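For reference, the structure is listed below as structure tokens.
Residue numbers (my numbering): 2 to 138.
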């Protein structure tokens, strides 16, 4: 895998994440669902403010993810490890307290799953696949 192909894969990941954000903001859900979602968000904000550990875990995940992802653009040898740590935090330490339900559009859920697939693909390609030589020489 060439450096250009690796950067194209990372750019595709950025596009999927951005589209997921857009889908979450602009796809219209039914009024009853939006009202319930707003009430749940207020309750979630109250829970987060009462638990500083949740804020620390969220900052850890975002920091590791940002540094690891940007580092992979510049082929920094520690970047895949930081990105893997961020994915671990994303999967096993959710950045918010558990809620009993979640409202999302089909587009938002599809892009969320594509993002998770790309998370795994980037990690596998960086550690074991054809991009390994870019980081571990």
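Beta carbons: idealized from backbone N, C-alpha and C, even for Gly. Owing to the predicted nature of the structure, the values given are computational and were not obtained by experimental measurement.
Smallest Cα separation from residue i: which of the options?
i           : options               : result
residue 141 : 129, 123, 137 and 138 : With the chain covering 2 to 138 only, the question about residue 141 has no answer from this structure.
residue 59  : 94, 126, 117 and 131  : 94
residue 127 : 45, 73, 61 and 46     : 73
residue 15  : 130, 117 and 134      : 117
residue 11  : 70, 138 and 133       : 70
residue 63  : 43, 90 and 13         : 90
residue 18  : 120, 82 and 41        : 120
residue 35  : 20, 8 and 106         : 106
residue 42  : 129, 102 and 134      : 102
residue 148 : 20, 56, 130 and 134   : Here the chain covers residues 2 to 138 and nothing more, so residue 148 does not appear.
Pop quiz: residue i and residue j are said to be a contact at Cβ under 8 Å. What is the actual Cβ separation, rounded to whole angstroms?
i           : j           : result
residue 87  : residue 65  : 4 Å
residue 104 : residue 48  : In fact, because the Cβ distance is near 17 Å, the residues do not count as touching under 8 Å.
residue 76  : residue 136 : 6 Å
residue 108 : residue 28  : 6 Å
residue 2   : residue 85  : No, residue 2 and residue 85 are not in contact; Cβ-Cβ is about 18 Å, not under 8 Å.
residue 54  : residue 68  : With a Cβ gap of about 21 Å, residue 54 and residue 68 do not count as contacting.
Next item on the list: Answer yes if the segment 17-26 comes into contact with the segment 107-126, meaning at least three C-beta pairs across the two stretches below 8 Å, and no otherwise.
Entry: Using a C-beta cut-off of 8 Å, the segment 107-126 makes contact with the segment 17-26, since at least three inter-stretch Cβ pairs fall below that distance.
Note to self: Report the start-end ranges of each alpha helix (DSSP H) in the segment 6-75 that is 4 residues or longer and not cut off at the edges.
What the structure shows: 32-51 and 53-74
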